[in-house]
Each structure stands twice: as structure tokens, then as C-alpha cells.
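Colleague: Residue numbers (the numbering used here), protein chains in the order written: chain A, 1 to 757; chain B, 1001 to 1154.
Ideal placement from N, C-alpha and C gives every residue a C-beta, glycine not left out.
What follows is a structure written as C-alpha cells; I'll ask about it next.
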């Protein structure tokens, strides 16, 4: 039994309004569209009055329940899984639950941020507590009315039951009196084995709206008097605005204004997520998208190389702002590669050292050394960057697809000359995010433009603007060395990794597998400065390391004459029984668990004719993933036929949606492993739309993906990122089997890089 | 600017726009039919897919001036109760993740099933490879199309 002190999330239990009622009327058809596949007849009608039990839920007089999803939704399906956690502890019948996106309000909700695969993990206790607290209050209200002890009242799917007296009532009957009660000091939570909602697949609560084409995205918003805005940004990294000719386009049809603007105030101290590639841009504002697009094309802008550019960053924990210099120059992918090889050949910054790696590499019977690389990647969310801003004299309403409303709010307020209280952020459904929408400069841009033209403004990036704006996944390189003794035991391991402009390693990843399994271990890192901006991209850093490390281990296992799964399991056994060093950042049993599960489910060791198999596993973002890829060569072109996936993310909240998430990560990983690449020439991103930036399509995706979860009762962890990194390794290892050639440089199917077959 | 009489989702509609305006923006900006999405503007991603006389067409490169009397169907008009076999199947397989590309996927799938009621896997792949899903829901899309074919043929 878990007992939680409710003061942990006390703020959430403050009433948002004194009178909870007010007769919010919503039409029946809307209701039915929210409640998955149940027929209308079974579903309760909308209540006349709502009673708020806490910030997460309100119950109508008829028992209908609205649950608010606190976190931004970008396809990970938190709008379904988070309310499921609340409904479980509330003991509510799911079919009578309506889900709404919560307001952005840091006083009421914890961590309204989507990223790092931390949503479910960090919401696990607060959300269950919200449900359990409300259930407790309903029991108390019923006990008061029935004159019995609350302890003798049980609940079942939205009903309160007092067995001894035979009394029972729906939650609705006591919603009003319960809402007047104080929240309890502590609540008891259900045991995992008693879960009814959690662990039973529920359909996406927004599914019907999506398939109808309802207005779910901020791009779909229309406000009275709203104008459309676009931006013109420098065509290359290393360039800045010199001059522009507004007059040439101001007279074009539908154009209202053309002006340059700075995104942040010069004295503004940026925080980590306030990354901005181009500090000054030109805004084109007009009546309709097509008119603004045409004016944008016709606009004459002069750009110039900058020799000096800097910005201010807030230092951690307060103190003076730090001046950050942006390196000048027009960079190219070719010179990037040459520079990375050069820096990689020098000693790096040591992150972890066990034993005496230098000595052991000299004594080793076999040494395997391989170098891997991967390019910059653009996020390419299907919904391009956009924001609707409505700024008036004393209020700013900013609706946007944002993973991190809390990070950008201070920047918006600073730029508008307002307080954060005057800035209201509406978290629209995101058409994908993948990390990119944690960097919300566009919300400031839209706000600035709206303030200038004194009208509501919809800012939209064209696909080209979006793809060439930077904030990419960095380019990486890593050299791995392994030392084997005469019995083919792994006795030394060395990783030296770096990137432009950041290393993929860091102290955290230096402590991951196979650290702790090898007596002599060395991890080093390096980095090269750049003016190309970078940002989090699904499983940051791990998305490179996971793939290349697993590709290297495959090669080491082969050199040692061992089965690749057994080789890993033997190493994990070592780290469990007699771990080397400290701070090893993985649980050897759980790591081995996914490998064993994928071995079993994929029938490892048995392949049909023409099928080539590769395996990989990885641990990051608190969850464990292992994949087996079945690949075929079709007329010399590799096609992944099937992927078998094993995951350990603890308790699985919504199994079918969880599978969907893993399937998506697998497809995304295969796409990026085969095709993903952004290159540069003289600072210019060489791909600006999907004609040149190749994305995986249905005819290149696996025909089948088979996802399995380790069944346990461990507190849940995330799923958005962990299945992504190892797929790169599994693909590389299968590709080796198919082509008899190891593939060290991503993307594997880049025309100018690798000839297959 | 010029006036155009369009037949959209079975209704007559009139717009006064630049003749070169792509149907995508006529729908989204002038008729407030925002289910059709912008993804690339160069007919490479399929998010803007509509039906022109029942055939899947990328609306981002279709100037309003060439539409003429041809009937346009958007996701909002695919089925009155949003119960087209493809839409039903999409719900059954719980296909969407972010959902942004799904209107385009559904319109492509509906067009495929109209011309080919029982497509093979290869035919589905061929018909759907013009629609990008960045979330990677392709496996579910394919399964949903097979289910939709069964519903339609039942």
C-alpha cells in the first residue's frame, strides 16, 4: 500500500474559483466525440453544473467527470494516459470521463513540460493523488449524509457503496458537498494489481476530432481582425540583416506592414531554452497566407557576414549574466568532417576512468578500433513552426504548439514590457515536437509582431523557414576501442566522442553500459564551436551514442566469437555480480530483461532465407529498450521487414498507445538511420524542403512491428525517447549481415557515401 | 482578384481571391475549412490532400482558377457523420499520434479504396507513399486501410 502526503502537491488542491458551479453547457455531440468508442446511449449527458474537487477534475451533478490533462500534447498521447491515472484512483468509469487540456498555470500544476520522457514518470504520484483525494472527499461527503463511517464506504466505477446499510449513490449526488470539503492530509493509493483503468488500452480521447479535421492546432485558429505574418531570416548561418526594401512589397495586395525586429531585448539574459538562431529578422504582415507568401518572395533583403555576435545568458543560480560569443564564419559540412577528425585525434576531456586502460590496450591480444559519425538533423515536425499572438495594451494571449510554456514565458514578458501575469499561454495540440518545440523563440516573435501591428497575428514559418532555421540535432563523431585477451574476454574499453557544437557523451552517458562491466575503461569527450544552433532532438545525445555503441559491440562480439545477445548478457552478469567502478547508470537485471525478452519474442537464432538480423539495446531516459531488426535486400535496396521490440518502462499505463509510441520511434529511427541528414555549404543549409530532405515513407517503413513490454510493478517511466536510439544500431547490424560490410557513417543510404550490395 | 464559384463538400461557395491562390489557402484562409493542412507547399508531403472529383489531389499546388466545375471534397465533407469506412478504421486501430498529417492520410486512403476496393500491400504502399507521417504511424495506417476495405466491402 502506498500512502502519499497530499501536501506534496498542495497547490493543486486549492480551489481555482470559490463557486465551482455555473452551469457550463456543452453540446451532447461534442461529449460523445470525446468518449472513444462507446455508444451515445451508454454515456451520461452533460451536467448542468460542475463541481471542482481539485485543479485536475470536476464532477457534474449527474456524475459526468471532466479531467484536465496538465501537460502539452504532441502525439505521445498524454491527453489519454494522464487522465487514466487520475480516473484510476478516482475509481471512475472511463466512459463517463471527458478530457480537456488544462490551462497553463504553474501555481496549480506541476511541471507543464513535455520532454525528456519525464511526463508520466513525474506525474505518477501527483496525478494519482489528485484522483485519490477526490475519491476520499466523495466518500466523506457520503459518510456525512448517510451518517456512517467513511471507512466503510467503498467505490466502484463512479459509485459510492455502503454495504451494511445497502446504500449507494453515484459520484454526482455528492459532488457538490464533496467539493466543499477540505482535501485530506494523506491518501491511500491502490495497489498495482487492483488497477482497472491503468493497463487497459483506451482509445485516444482526441481521436474522433483528429479524423474529422477539427480545429485542434494553433494554425487553425481564427480571431476577429487577425493578420498573417511570416518572417525572412538570413539564408545562411554566419549572416545577419544588413538592409531591406520594405517599399518594394508594401504596395503588394493584402500587405499591411513590413518591418525588421529583434526577437529579444539586447539586455535580456537568456535561459537555456531561449536559443535563437537569427537575432534580427524581417516581418511581413498581411491579410492572407498567399498574399504574405508572395510578398515574402518579392522582398529584397541584404544580408552581411557578421564578425562579432554575442548574447547574454543568465548564469545558473543567479549572479552576473554571461556574455556568449557566437563564432563568425560560413561553415560547410566538408570542413566540419575534416575538423572533427582532427580534433578527435587529440586527447579529449576525461569523464571516467577505471583500471589502467593505456596499459591493457598495449597488452591486449586483439584491439578493435572503429570511428562513427552522424550528421546534423532537422526535426521536421509536420506542423511547421507557428504561433497566434493577441497582444493588447495590458494583456498578451499566446496560443502555440509548445513543449515548454514555462521556459518561454519570462522572455515573452520581458520583450513586451509586461509581467508574466499579463502573459497567458494557451497550449495548443502540437503537430509533432521531437524536442524542437522546447525552443519557443517563435512565441516571442509572434508577440512582438502583434504588439507592433496592434492586431491578433498568426505567425507561420514556411516549410523552408522551418527547416533552415537551425536548432538541429548536432553532428557527432565517436571512436571506440575494445581490447580482448587470449580467451576473447573484453578487458579494455575506450570511447572518445565529440560533436559540433557539443559532445554526445557527458558524465551521465559515460557511466552507462558497458561501464561497470569492463575492468579497464576510459571515456573522453571533445567539442568544436559553431554558429549553427542546436537543440534537443528525440533522445538527445543518446540518439547517436545508442546506435554507434551498439554497432561497435556487435563488431566486438563477432571478433570475440560470441553471439551478440549472449555477449551483452555476459557483460551485464559481470556488472551485476562484481561491478567495476561507481555510479553505473543502469540496472543490469532490467537491461538483461529486455534482451532476454527480445531474444525470446524474435525467435533469435532462426531466420528465414534472405532475411538478415541485427540486434541492439539501450538504456536512456529511465527506460530500457531492445530491438531485433529483420532486413531484406530488395533489388539491392535494404528494407526492414519486421522489428521485434522489447521495452521495460515499468507499469504501462495505456498499452496500445504505448505500442504506437514505440512503433513510431522505430520508424523514425529507421528513417533517420537511412536518410536523415542536413548538410551545409558556405553556411547555407542545403536542404530546405521534403524534395531534398528525405523522410521515411510507407514503402520504406517496416511491414510489421511487434512490441512487447516487460510486465512488472515498477513505477512507470517514459517511452517517447528510449526506443529511438537502439534502432540505429539494430539497423546497422542487420545491414552488416546483408552486405558483409560494416556501416560507420550515418545516414547509411546517403547517395554519395555508401554503395550497398 | 477574381470571383470563383466552387463546389465544396456538396455546397456552392464563392470566393474573391487572386486566381493563382492554391486551393489549400482558399480552404483554410477564406472558407475556414482548416482540416486540410499545410506541410510543404510543394506537393511532397500529402498533408494538404483533398479530393477533386473523388481523386486524391494535393491542394497546395492546385490554383483555384483551374478547379472550375470539379467537385472538391475535404476531410470535413468526407462523410456526414465522420463515419467513412476509413475514418472508422482509423479509430479502430487508434492510428494517430500528433494527428497533423492524418486528414491527408485519410483522404489519400479513401481515394485509393474508391478506385481499388481491395488493394494489396504493395498497392497500398504505392498509393500512400506521397503522404509523410513524421510520427511514424505507417504500420497502423496500412492495417487501418485493410480494415477499411473490409468495412467498405461488407
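Pull up the distance between the alpha-carbon of residue 181 (chain A) and that of residue 51 (chain A), whole angstroms please.
Modeller: Your numbering for residue 181 (chain A) matches position 181 in the first chain. Your numbering for residue 51 (chain A) matches position 51 in the first chain. Each residue's alpha carbon lies about 12 angstroms from the other.
Colleague: With three or more C-beta pairs closer than 8 angstroms as the rule, is the region 562-580 of chain A touching the region 494-504 of chain A?
Modeller: They do not touch, by the three-pair rule.
Colleague: Helix, strand or coil for residue 458 (chain A), going by three-state DSSP, please let me know.
Modeller: As a working note, residue 458 (chain A) is residue 458 in the first chain. Residue 458 (chain A) falls in the strand class under three-state DSSP.
Colleague: List, in order along the chain, the chain B residues whose C-beta lies closer than 9 angstroms to that of residue 829 (chain A)?
Modeller: Here chain A has residues from 1 to 757 only, and residue 829 (chain A) is not among them.
Colleague: Is the CB-CB distance between residue 1138 (chain B) and residue 667 (chain A) below 8 angstroms?
Modeller: Taking the first residue of the second chain as 1, we reach residue 1138 (chain B) at position 138. Taking the first residue of the first chain as 1, we reach residue 667 (chain A) at position 667. In contact: residue 1138 (chain B) and residue 667 (chain A) (Cβ atoms closer than 8 angstroms).
Colleague: For residue 723 (chain A) versus residue 665 (chain A), is the C-beta distance shorter than 8 angstroms?
Modeller: Mapped onto the first chain, residue 723 (chain A) falls at position 723. Mapped onto the first chain, residue 665 (chain A) falls at position 665. Yes; because the gap between Cβ atoms is below 8 angstroms, this pair is in contact.
Colleague: Considering Cα atoms alone, identify which of A:406, A:513, A:57 and A:187 is closest to residue 107 (chain A).
Modeller: The residue labelled residue 107 (chain A) in the question sits at position 107 within the first chain. Checking every option, the nearest Cα to that of residue 107 (chain A) belongs to A:406.
Colleague: Taking only the alpha-carbon atoms, compute the straight-line gap between residue 330 (chain A) and residue 529 (chain A) and give it to the nearest angstrom.
Modeller: For the purposes of this step, residue 330 (chain A) is taken as the residue at position 330 of the first chain. For the purposes of this step, residue 529 (chain A) is taken as the residue at position 529 of the first chain. The straight-line gap from Cα to Cα measures roughly 13 angstroms.
Colleague: According to DSSP, which residues form a beta bridge with residue 1015 (chain B)?
Modeller: As a working mapping, residue 1015 (chain B) is identified with position 15 in the second chain. According to DSSP, residue 1015 (chain B) bridges with B:1004.
Colleague: Would you be able to state if there are at least three C-beta pairs under 8 angstroms between the region 287-305 of chain A and the region 224-234 of chain A?
Modeller: The region 224-234 of chain A, when compared against the region 287-305 of chain A, does touch it at the 8 angstroms Cβ threshold.
Colleague: Taking its Cβ as the centre, do 16 or more other Cβ atoms sit within 10 Å of residue 507 (chain A), making it buried, or is it exposed?
Modeller: In the first chain, the residue the question calls residue 507 (chain A) occupies position 507. Exposed.
Colleague: Under the three-state reduction of DSSP, which class applies to residue 507 (chain A): helix, strand or coil?
Modeller: Translated into the one-based positions of the first chain, residue 507 (chain A) becomes position 507. DSSP places residue 507 (chain A) in helix when its eight states are reduced to three.
Colleague: Give the straight-line distance between the Cα atoms of residue 276 (chain A) and residue 436 (chain A), rounded to the nearest whole angstrom.
Modeller: Counting from 1 along the first chain, the entry for residue 276 (chain A) is found at position 276. Counting from 1 along the first chain, the entry for residue 436 (chain A) is found at position 436. Distance between the alpha carbons of residue 276 (chain A) and residue 436 (chain A) is about 12 angstroms.
Colleague: State the DSSP-derived secondary structure class of residue 168 (chain A), mapped to helix, strand or coil.
Modeller: Numbered from 1 along the first chain, position 168 holds the residue referred to as residue 168 (chain A). Strand, per DSSP.
Colleague: If you drop the 5 nearest sequence neighbours on each side, which residues of the same chain put their C-beta closer than 6 angstroms to that of residue 268 (chain A)?
Modeller: The sequence position of residue 268 (chain A) within the first chain is 268, counting from 1. The residues are 414.
Colleague: Look at the Cβ atom of residue 509 (chain A), then the Cβ atom of residue 545 (chain A), and state whether they are nearer than 8 angstroms.
Modeller: If you number the first chain from 1, residue 509 (chain A) lands on position 509. If you number the first chain from 1, residue 545 (chain A) lands on position 545. Taking 8 angstroms as the Cβ cut-off, residue 509 (chain A) and residue 545 (chain A) qualify as a contacting pair.
Colleague: Answer yes or no: does any C-beta atom of chain B fall closer than 8 angstroms to that of residue 702 (chain A)?
Modeller: What you label residue 702 (chain A) is simply residue 702 of the first chain in a count that begins at 1. Closer than 8 angstroms: yes.
Colleague: Pop quiz: residue 94 (chain A) and residue 348 (chain A) are said to be a contact at Cβ under 8 angstroms. What is the actual Cβ separation, rounded to whole angstroms?
Modeller: As a working mapping, residue 94 (chain A) is identified with position 94 in the first chain. As a working mapping, residue 348 (chain A) is identified with position 348 in the first chain. Rounded, the Cβ-Cβ distance is 53 angstroms, inconsistent with contact.
Colleague: Give, in chain order, every residue of the region 1036-1058 of chain B whose Cβ lies closer than 8 angstroms to some Cβ of chain A.
Modeller: Those residues of the region 1036-1058 of chain B that come within reach of chain A (Cβ to Cβ, closer than 8 angstroms) are 1036, 1037, 1038, 1039, 1040, 1041, 1042, 1044, 1045 and 1047.
Colleague: By Cβ distance, which residues of its chain are closer than 6 angstroms to residue 371 (chain A), with the 5 residues on each side in sequence left out?
Modeller: As a working mapping, residue 371 (chain A) is identified with position 371 in the first chain. Excluding sequence neighbours, residue 371 (chain A) sits near 479.
Colleague: Does the structure place the region 425-442 of chain A close enough to the region 368-386 of chain A that three or more beta carbon pairs sit under 8 angstroms?
Modeller: Yes, the region 368-386 of chain A is in contact with the region 425-442 of chain A.
Colleague: Measure the CB-CB distance between residue 85 (chain A) and residue 123 (chain A) and report whether it falls below 8 angstroms.
Modeller: Start at 1 with the first residue of the first chain, and residue 85 (chain A) comes out as number 85. Start at 1 with the first residue of the first chain, and residue 123 (chain A) comes out as number 123. It is a contact, given that the beta carbons lie within the stated cut-off.
Colleague: Just to make sure I have the definition right: I need the residues of chain A whose C-beta is within less than 9 angstroms of the C-beta of residue 1128 (chain B). Which are they?
Modeller: Within the second chain, the letter at position 128 stands for residue 1128 (chain B). By Cβ distance, chain A contributes 697, 698 and 699.
Colleague: Can you confirm whether residue 1075 (chain B), when its beta carbon is compared against all beta carbons of chain A, has any partner nearer than 8 angstroms?
Modeller: The count along the second chain starts at 1 and reaches residue 1075 (chain B) at position 75. Closer than 8 angstroms to some Cβ of chain A, the Cβ of residue 1075 (chain B) qualifies, so yes.
Colleague: Measuring only between beta-carbons, confirm whether residue 1071 (chain B) sits less than 8 angstroms from chain A.
Modeller: What you label residue 1071 (chain B) is simply residue 71 of the second chain in a count that begins at 1. Output row for residue 1071 (chain B): interface = no.
Colleague: How would you list, in chain order, the residues of chain A whose beta-carbon sits under 7 angstroms from the beta-carbon of residue 1080 (chain B)?
Modeller: For the purposes of this step, residue 1080 (chain B) is taken as the residue at position 80 of the second chain. Within 7 angstroms Cβ-Cβ: nothing; residue 1080 (chain B) doesn't reach chain A, min ~11 angstroms.
Colleague: Rounded to whole angstroms, how far is the Cβ of residue 689 (chain A) from the Cβ of residue 1040 (chain B), which I believe are closer than 8 angstroms?
Modeller: Walking along the first chain from the start, residue 689 (chain A) turns up at place 689. Walking along the second chain from the start, residue 1040 (chain B) turns up at place 40. Between residue 1040 (chain B) and residue 689 (chain A) the Cβ distance is about 5 angstroms, and since that is below 8 angstroms, they are a contact.
Colleague: Is residue 403 (chain A) helix, strand or coil when you go by DSSP?
Modeller: Counting from one through the first chain, the residue named residue 403 (chain A) turns up at place 403. It is coil, neither helix nor strand.
Colleague: What would DSSP say about residue 1100 (chain B), mapped onto helix, strand or coil?
Modeller: Counted from its first residue, the second chain places residue 1100 (chain B) at position 100. In the structure shown, residue 1100 (chain B) sits in coil (DSSP, three-state: anything other than H, G, I, E or B).
Colleague: So the candidates are A:361, A:288 and A:402; which of them puts its Cα closest to the Cα of residue 115 (chain A)?
Modeller: On the first chain, position 115 is the one that residue 115 (chain A) refers to. Closest option to residue 115 (chain A), Cα to Cα, is A:402.
Colleague: What are the residues of the region 278-311 of chain A that lie near chain B, defined by any Cβ-Cβ distance shorter than 7 angstroms?
Modeller: Residues passing the 7 angstroms Cβ filter: 288, 289 and 290.
Colleague: What residue range does the alpha helix (DSSP H) around residue 1140 (chain B) cover?
Modeller: What you label residue 1140 (chain B) is simply residue 140 of the second chain in a count that begins at 1. 1138-1153 is the extent of the alpha helix (DSSP H) around residue 1140 (chain B).
Colleague: Compile a chain-ordered list of the residues in the region 219-237 of chain A whose CB is closer than 9 angstroms to at least one CB of chain B.
Modeller: Result list: 219, 220, 221, 222 and 228.
Colleague: Using Cβ-Cβ distances below 7 angstroms, what residues of the region 1092-1117 of chain B are close to chain A?
Modeller: Listed in sequence order: 1094, 1096, 1097, 1098, 1099, 1100, 1101, 1102, 1103 and 1106.
Colleague: Grab me the residues of residue 483 (chain A)'s own chain with a C-beta within less than 6 angstroms of its C-beta, minus the 5 sequence neighbours each way, in chain order.
Modeller: Within the first chain, residue 483 (chain A) is the residue found at index 483, counting from 1. Hits under 6 angstroms: 360, 361, 364, 367, 491 and 492.
Colleague: Considering residue 441 (chain A), what are the terminal residues of the alpha helix (DSSP H) in which it resides?
Modeller: The residue given as residue 441 (chain A) occupies position 441 in the first chain. Residues 441-453.
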